[in-house]
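Enquirer:
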Amino acid sequence: MDDDFWRRKWRDGAIGFHQPAPNPLLLTHLPAIGLKAGARVFAPLCGKSLDLGWLRGRGFRVVGVELVGEAVEQLFQEAGVIPEIERFGDLSCYRTDGIDVFVGDVFALDRETLGAVDAVWDRAALIALPQPIRSRYAAHVIATSAGAQQLLVTLDYDQTLMDGPPFAVSDEEVRALYADAYDVALLASAEVEGGLKGTCPATETAWLLRAT
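In our numbering, the protein residues as written are 316 to 527.
Next comes the structure, spelled out in structure tokens:
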């Protein structure tokens with residue numbers, strides 16, 4: 316799986332991972348983070364998620380990063396706004412009032428370019444990545460966000476029954492990836508109704524990661 320895999324997904328409209336409404340786990344568990352009005356929330360691998368607009372509508376500032384430019388263009392087109400575009404090396408940043416989205420490789424985004432953030436919302440980033448990349452990704456987000464607290468969503472299932480993405484991430488892997496930097500708290504866990512993609516049983520889990 317390479318960058319072209321995701322570009323093809325967006326080109327072909329094969330974006331079943333895009334949710335038609337703000338994520339219910341975000342709505343339920345955001346208060347657990349205790350953010351103040353005006354706090355800045357980082358959403359890695361954000362696509363054209365409606366979570367960004369929902370967060371902005373509740374008084375937070377939002378910054379995302381997304382590999383595929385077409386996804387970001389659709390995000391702003393569907394919101395009916397025209398963003399300003401600024402270059403940062405290999406990245407472009409699409410800006411409107413309270414929402415910044417970088418286009419490019421998440422690993423090209425450094426702490427200085429990202430700027431200060433108060434929390435990370437990871438709904439479909441960690442689980443979008445195959446196992447060999449996840450440890451690098453987790454460490455990069457921790458470093459880039461300066462250890463900001465995270466609200467993380469994972470899926471776990473028998474990986475032999477279905478190819479990812481989304482990939483299975485076990486509770487044990489979450490703790491292995493994050494326990495050195497955070498207190499790792501399981502907020503909620505439930506079976507995916509109808510199974511994942513209708514093919515296999517899966518469990519969806521929400522986590523709160525707070526700096527130790």
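Where is the CB? At the ideal position from N, CA and C, for every residue including glycine.
Look up residue 372 in the DSSP assignment and say whether it is helix, strand or coil.
Expert: Correct three-state label for residue 372: helix.
Enquirer: On a CA-only basis, which of 438, 363 and 505 is nearest residue 395? Give me that one, please.
Expert: Comparing Cα-Cα distances from residue 395 to each of 438, 363 and 505, the minimum goes to 363.
Enquirer: Can you tell me whether DSSP reads residue 382 as helix, strand or coil?
Expert: Looking at residue 382 - three-state DSSP - the assignment turns out to be coil, as it is neither helix nor strand.
Enquirer: Using 8 Å as the threshold, is the C-beta distance between residue 455 and residue 422 below it?
Expert: Yes, Cβ-Cβ distance for residue 455 and residue 422 is below 8 Å.
Enquirer: Is it buried or exposed for residue 476, if we count other Cβ within 10 angstroms and need 16 for buried?
Expert: Exposed, since its Cβ has fewer than 16 Cβ neighbours within 10 Å.
Enquirer: Determine the contact status of residue 467 and residue 441, defining contact as a CB-CB distance below 8 Å.
Expert: It is a contact, given that the beta carbons lie within the stated cut-off.
Enquirer: Would the beta-carbon of residue 426 fall within 8 Å of that of residue 338?
Expert: No.
Enquirer: Taking 8 Å as the threshold (C-beta atoms), are residue 416 and residue 356 in contact?
Expert: In this structure, residue 416 does not lie closer than 8 Å to residue 356 by Cβ.
Enquirer: According to DSSP, is residue 459 helix, strand or coil?
Expert: Residue state, collapsed to three classes: helix.
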